[in-house]
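Asks:
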Amino acid sequence: MNEGDDFIALDFFAGSGTTAHAILGQNSVDRSHRKFILVQLPEPTGRNDYPTIADICKERVRRVIKKLNDEDAGKLDLEGSEKQDRGFRVFKLAESNFKPWEANGDSDADSLAKQLELHVQHVREGRTAEDLLYEILLKSGFALTTPVEKLSLAGTTVFSVAGGTMLVCLEPEITLETIRAIAEKKPERVVCLDSGFADNDQLKANAVQIFKAKGINSFKTV
Ligand SMILES: C[S@@+](CC[C@H](N)C(=O)[O-])C[C@H]1O[C@@H](n2cnc3c(N)ncnc32)[C@H](O)[C@@H]1O
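All residue numbers for the sequence shown refer to my numbering, where the first residue is -8 and numbers rise by one.
1) Give the secondary structure of K26 by DSSP, where H, G and I count as helix, E and B as strand, and everything else as coil.
2) Since P35 sits in a beta bridge, which residues does DSSP pair it with?
3) Would you mind listing the beta strand (DSSP E) stretches within the segment 163 to 206 that are 3+ residues and don't spill past its ends, in chain order?
4) Are the segment 23 to 35 and the segment 1 to 14 in contact at 8 Å, needing three or more beta carbon pairs?
5) State the Cα-Cα distance for the pair K74 and G6, rounded to the nearest angstrom.
6) Roughly how many whole angstroms lie between the Cα atoms of G37 and T43?
7) Are the beta-carbon atoms of L135 and R80 separated by less than 8 Å?
8) Please report how far the alpha carbon of A189 lies from the alpha carbon of A204, in whole angstroms.
9) Using a threshold of 8 Å, state whether the C-beta atoms of T137 and V152 are closer than that.
Shown next as structure tokens:
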């Protein structure tokens, strides 16, 4: 590794995370900004504290980052060298957060009624806002490394993606005030949870108009 390198290392068999450890360590030595992508199966360890090898890997990387941050904090930085941005995101492969519509051909009234019932809440149970957010991000063409900021607009949590290019509201209840506050930010795209409108078609129609009036032409509900 040479000083000033700025590559992304991909380790498909990450194990305990040696690649990340090495890169973080070398970045600290030569103040470079190399990145890493680690892939590790959830191979069981039989341990309670770290049930899978992936858990060991995550813990090791956390500890390395803490150690390097502590070292930096303890140093008198006479050269004014740039602060190292140390952090990582963890993603797990999983089925979509949104229940698929089972077009199994049964078009009789009962089956349709059952399907409709199932889709009143079409988000799978136990999924977090972050789970939904990253699925929406990927499906909207953004990378997993895209900067995401959590905003509070009219008292409602709204995710700002790529410096405000896309605003995502995944709250179970959306108000006119929230819609107006989102519109004021003038994002290129807006995504909201459909159930956030709770069948209030008037509110949804207002949202379309308010966004259009602000030149926001991409408004989607999921
Ligand atoms: C030889 S170890 C790598 C050790 C690693 N260099 C370290 O620093 O600990 C190989 C690792 O690859 C993982 N592995 C094997 N097949 C895999 C796959 N298809 N996808 C992801 N990880 C895999 C295994 O669980 C094991 O932890």
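Even glycine gets a Cβ: it sits at the ideal position worked out from N, Cα and C.
Replies: Considering the structure as presented:
1) It is a strand residue.
2) Beta-bridge pairing links P35 to T43.
3) Correct list: 180 to 183.
4) The segment 23 to 35, when compared against the segment 1 to 14, does touch it at the 8 Å Cβ threshold.
5) About 28 Å.
6) So the alpha carbons of these two residues sit roughly 8 Å apart.
7) Cβ distance < 8 Å, so L135 and R80 count as in contact.
8) Taking the Cα positions, A189 is about 23 Å away from A204.
9) Here T137 is near V152, since their CB atoms are less than 8 Å apart.
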